[in-house]
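A quick write-up on the structure given underneath.
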Amino acid sequence: MKMEEDVYVSERIIKESQLKKFLRENLSTLSIFGVLLAVSLFFGIATGSFLSASNVTNLIIQVAPNVIVAVAMTFVITTGGIDLSVGSILALASALLATLLASGTSLIVAFLAVIAAGLAIGFVNGYVVAYHNIPPLISTLASLMYVRGLALLITGGYSVAIVGENWIIGMGQGRVLGVPFPVILAGFIAIIGVIALRYTRFGNYVTGIGANEESVRRTGVHTKKVKIMTYMLSGGAAALAGLIIAARLGSGSSNIGNMFEMDVIAAVVLGGTSLFGGAGTIIGSIFGVALIGVIKNGLTLMHVSPYIIQITEGLVLLLAVLINVKIFSNKK
Amino acid sequence: MEEHFQIEMRNIQKSYGNIRSLRGVDLQLKPGEVLGLVGDNGAGKSTLMKVLSGVVIPDEGEFYFEGKKVSIDSPRAAKDLSIETVFQDLSLCDTLSVANNMFLGREPVKFLGRLIDQKTLHAKSREHLDKLGIDISSTKLPVQNMSGGQRQAVAIARAMVFDPKVLILDEPTAALGVKEVNMVLELINNVKKKGVSVVLITHRLQDLFEVCDRIMVLNEGKCIDDRLIEQFTLDSLIKSIMGSPDKGVGVS
Ligand SMILES: Nc1ncnc2c1ncn2[C@@H]1O[C@H](COP(=O)(O)OP(=O)(O)O)[C@@H](O)[C@H]1O
Ligand SMILES: [Mg+2]
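Chains as they are written, first to last, in this note's numbering: chain Y, 5 to 336; chain W, 18 to 269.
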């Protein structure tokens with residue numbers, strides 16, 4: 005009996021083993037995974053505590069919000085776009101949640117209001133990009149500023165405590181079968197993301213738009229709508245991440261999430277999603293988030309100055325961009 | 018007499034800034050008719066066909082499909098009328114696979130439309146490529162690594178997937194070898210027999226004499242000649258393309 009694969013493959017293709025094929029098709033994802041292992045090993049040896057159960061758990065809880073946003077950001081960048089406003093949306097979500105709860109708003113209303121705010125800002129971002137052809141770098145830079153301003157306006161710059169035990173707090177601090185809830189949520193969103201990008205029409209159009217937007221439009225797809233949806237995804241994801249962080253910390257603040265957008269974008273680019281658009285990988289983005297989280301955490305454990313950590317991060321991003329541009333400009 | 022036309026365009030006008038690309042062009046196409054559309058570079062051929070594909074919205078003009086007035090105001094509207102196009106620039110997404118390009122916007126789905134039915138997608142793509150005699154090793158390959166001829170073949174296959182009633186081919190043979198060109202001409206003759214109306218834009222004038230029923234010549238955004246193929250010789254066609262059709266003929 006013939007294998008299913010054989011039906012579609014003519015004799016001109018060099019037969020390669022499944023393993024070899026897997027390696028070739030996933031080269032960039034595997035490389036970042038390799039780097040992640042190597043860096044983890046280094047910190048494991050250099051510090052006594054990096055590989056301890058408590059540190060690893062702590063690290064995973066910390067990167068969960070980044071994973072959530074990075075999954076959404078992968079869609080945005082795969083269309084050839086970018087969203088700089090996610091850090092500000094995260095802060096707004098955290099501030100809005102705490103303020104609403106402090107004013108006695110019911111949990112479900114506060115939750116929905118926070119998510120709706122993220123989606124709405126994402127809609128504005130996407131609308132401006134898709135319908136007015138403003139470069140996403142500029143339009144989301146504007147959002148980065150006004151959304152952070154909104155967050156500051158709401159809280160007056162102070163942090164607002166979230167008191168009591170409730171399911172929103174549980175979203176940040178709870179565990180299910182011993183696994184922290186933010187981690188479960190991030191895992192769930194990651195799986196949905198992988199499926200959506202690779203196996204749905206939406207994912208196809210996202211990739212197609214990044215490769216050749218006009219071609220996708222000519223096939224009758226409403227490309228503007230698809231683009232708006234990607235920014236709504238990143239806005240909604242950022243709001244969810246902000247909510248989880250506020251719940252974990254037990255307070256909302258307009259000052260959190262500074263440079264969060266850079267962490268997320270760096271992770272996506274490191275992971276192998278093309279900055280030119282047209283090729284994205286959710287798994288790669290997750291490895292990217294993990295790598296940046298490990299570097300920050302490991303250097304902190306080594307008592308490296310936070311200034312040096314920021315410099316390191318910047319250099320890692322620069323390196324990632326250089327490699328990314330080199331790989332993907334060759335392919336185009 | 019309108020009901021004899023598969024598609025009719027009337028008084029199509031389109032300007033880009035101060036360039037008047039189309040200055041009131043009429044075009045009629047009967048079922049099963051193959052029209053050759055020729056003219057110098059910049060004459061407006063591609064623009065006219067983009068208008069018919071719903072890709073470019075004209076400033077002025079009307080469409081009649083099977084005698085009924087229709088509006089073609091989006092690519093979707095043209096597809097709904099079974100107007101399919103091979104664009105001059107091919108319009109492929111480089112990083113998507115052959116199959117995804119062929120079914121872009123019309124992917125077979127499963128699970129209540131949530132997921133693309135990959136198996137059907139690839140099987141159908143393979144079936145169509147085989148039917149057209151196109152030699153592409155795997156429908157899973159991204160089109161970016163393919164030769165110009167293969168890419169052109171994918172674009173042609175895409176236009177054929179959903180049984181067009183009007184097939185527009187804008188320089189479909191530009192990147193093809195002799196064998197493939199003959200394949201395309203054969204394809205045109207085959208679909209013509211099924212009653213498909215075809216518009217063929219090409220600079221290979223000898224091909225026009227092999228497949229066309231009629232030739233229309235555009236010059237600076239205007240139709241300056243429109244005759245049955247029997248009324249053309251290669252010489253008179255060339256004269257017409259140069260902008261001076263034989264005296265006494267002109268627009269029929
Ligand atoms: N998108 C566009 N923007 C500006 N000018 C255009 C555009 N598309 C076509 N034109 C102009 O319209 C004219 C006709 O172009 P085209 O239809 O491509 O000609 P052809 O296909 O006959 O070579 C040319 O002068 C071209 O420069
Ligand atoms: Mg042209």
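In this text, a Cβ means the ideal position worked out from N, Cα and C, and glycines have one as well.
To which residues of the same chain is residue i closer than 6 Å at the C-beta, ignoring the five residues directly before and after it?
| i | result |
| --- | --- |
| Asn-2 of chain Y | There is no way to answer for residue 2 of chain Y, as the model of chain Y reaches only from 5 to 336. |
| Ala-241 of chain Y | Ile-72, Val-73, Ala-76 |
| Ala-116 of chain W | Leu-138, His-139, Ser-142, Thr-156 |
| Arg-175 of chain W | Met-119 |
| Gly-84 of chain Y | Gly-214, Gly-281 |
| Ala-294 of chain Y | Leu-40 |
With H, G and I counted as helix, E and B as strand and the rest as coil, what does DSSP make of residue i?
| i | result |
| --- | --- |
| Phe-206 of chain Y | helix |
| Lys-196 of chain W | helix |
| Gln-30 of chain W | strand |
| Val-39 of chain Y | helix |
| Pro-181 of chain W | coil |
| Ala-165 of chain Y | strand |
| Glu-237 of chain W | coil |
| Leu-88 of chain Y | coil |
| Pro-140 of chain Y | helix |
| Pro-184 of chain Y | strand |
| Ser-257 of chain W | helix |
| Val-273 of chain Y | helix |
| Ser-53 of chain Y | coil |
| Ser-214 of chain W | strand |
| Ser-278 of chain Y | coil |
| Arg-152 of chain Y | helix |
| Lys-85 of chain W | strand |
| Glu-50 of chain W | coil |
| Ile-153 of chain W | coil |
| Glu-317 of chain Y | helix |
| Asn-30 of chain Y | coil |
| Glu-25 of chain W | strand |
| Leu-121 of chain W | coil |
| Gly-166 of chain W | helix |
Can you tell which of the options has the C-alpha that lies nearest to the C-alpha of residue i?
| i | options | result |
| --- | --- | --- |
| Val-215 of chain W | W:Gln-161, W:Arg-37, W:Leu-46 | W:Leu-46 |
| Leu-156 of chain Y | Y:Gln-22, Y:Thr-103, Y:Ser-107 | Y:Thr-103 |
| Val-160 of chain W | W:Val-68, W:Asn-118, W:Phe-249, W:Glu-197 | W:Asn-118 |
| Tyr-33 of chain W | W:His-145, W:Gly-49, W:Val-73, W:Val-234 | W:Val-73 |
| Phe-104 of chain W | W:Lys-127, W:Ser-38, W:Val-198, W:Ala-172 | W:Ala-172 |
| Leu-145 of chain Y | Y:Thr-159, Y:Gly-130, Y:Tyr-135 | Y:Gly-130 |
| Ile-196 of chain Y | Y:Ala-270, Y:Thr-285, Y:Leu-279 | Y:Thr-285 |
| Phe-332 of chain Y | Y:Val-273, Y:Ser-309, Y:Ile-296 | Y:Val-273 |
| Ile-269 of chain Y | Y:Ala-99, Y:Leu-321, Y:Ser-110 | Y:Leu-321 |
| Met-266 of chain Y | Y:Thr-204, Y:Val-298, Y:Ser-35, Y:Gly-91 | Y:Gly-91 |
| Thr-227 of chain Y | Y:Leu-237, Y:Asn-208, Y:Ala-245 | Y:Asn-208 |
| Met-177 of chain W | W:Ile-255, W:Gln-248, W:Val-208 | W:Val-208 |
| Pro-69 of chain Y | Y:Gly-176, Y:Pro-310, Y:Ser-21 | Y:Gly-176 |
| Gly-53 of chain W | W:Phe-179, W:Lys-85, W:Glu-124, W:Val-234 | W:Val-234 |
Between residue i and the rest of its own chain, which residues show a CB-CB distance below 8 Å, the 5 nearest in sequence each way excluded?
| i | result |
| --- | --- |
| Thr-61 of chain Y | Pro-184 |
| Ile-29 of chain W | Leu-39, Gly-41, Val-42, Asp-43, Leu-44, Leu-65, Val-68, Pro-75, Glu-77, Gly-78 |
| Thr-33 of chain Y | Gly-275, Gly-276, Thr-285, Ile-287, Gly-288, Phe-291 |
Along the chain, where does the alpha helix (DSSP H) containing residue i start, and where does it finish?
| i | result |
| --- | --- |
| Thr-78 of chain Y | 57–82 |
| Gly-239 of chain Y | 227–253 |
| Val-133 of chain Y | 111–136 |
| Leu-109 of chain W | Where Leu-109 of chain W is concerned, there is no enclosing alpha helix (DSSP H), given that its DSSP letter is neither H nor E. |
| Val-68 of chain W | 62–69 |
| Leu-303 of chain Y | 286–305 |
| Gly-174 of chain Y | 171–177 |
| Val-228 of chain W | 222–228 |
| Gln-161 of chain W | It is not in any alpha helix (DSSP H) - Gln-161 of chain W carries neither H nor E in the DSSP assignment. |
| Asp-147 of chain W | 135–148 |
| Arg-93 of chain W | 92–97 |
Go to residue i, then tell me how far its beta strand (DSSP E) extends in each direction, as first and last residue.
| i | result |
| --- | --- |
| Leu-46 of chain W | 36–46 |
| Tyr-81 of chain W | 77–82 |
| Ile-260 of chain Y | Unbroken run through Ile-260 of chain Y: none, as it is neither H nor E. |
| Ile-74 of chain W | Premise fails: Ile-74 of chain W is in no beta strand (DSSP E) and is neither H nor E. |
Tell me which residues share the same chain as residue i and place their Cβ nearer than 7 Å to its Cβ, disregarding the 5 neighbours each side in the sequence.
| i | result |
| --- | --- |
| Met-5 of chain Y | Residue confidence is low: Met-5 of chain Y scores 36 on pLDDT, short of 50, so the model does not pin down where it sits. Its coordinate-derived value is still stated next. There are no such residues. |
| Gly-165 of chain W | Ala-192 |
| Ser-269 of chain W | Caution applies to Ser-269 of chain W, whose pLDDT of 46 falls short of 50 and renders its modelled position unreliable; the value that the coordinates give is listed next. The answer, listed in chain order, is Asp-243, Arg-244. |
| Ile-232 of chain Y | Phe-127, Gly-130, Tyr-131, Ala-134 |
| Ser-253 of chain W | Asp-263 |
What does the shell around ligand 1 hold, if a residue joins when its beta-carbon is under 6 Å from any heavy atom?
Qualifying residues come out as W:Tyr-33, W:Ile-36, W:Ser-38, W:Gly-56, W:Asn-58, W:Gly-59, W:Ala-60, W:Gly-61, W:Lys-62, W:Ser-63, W:Thr-64.
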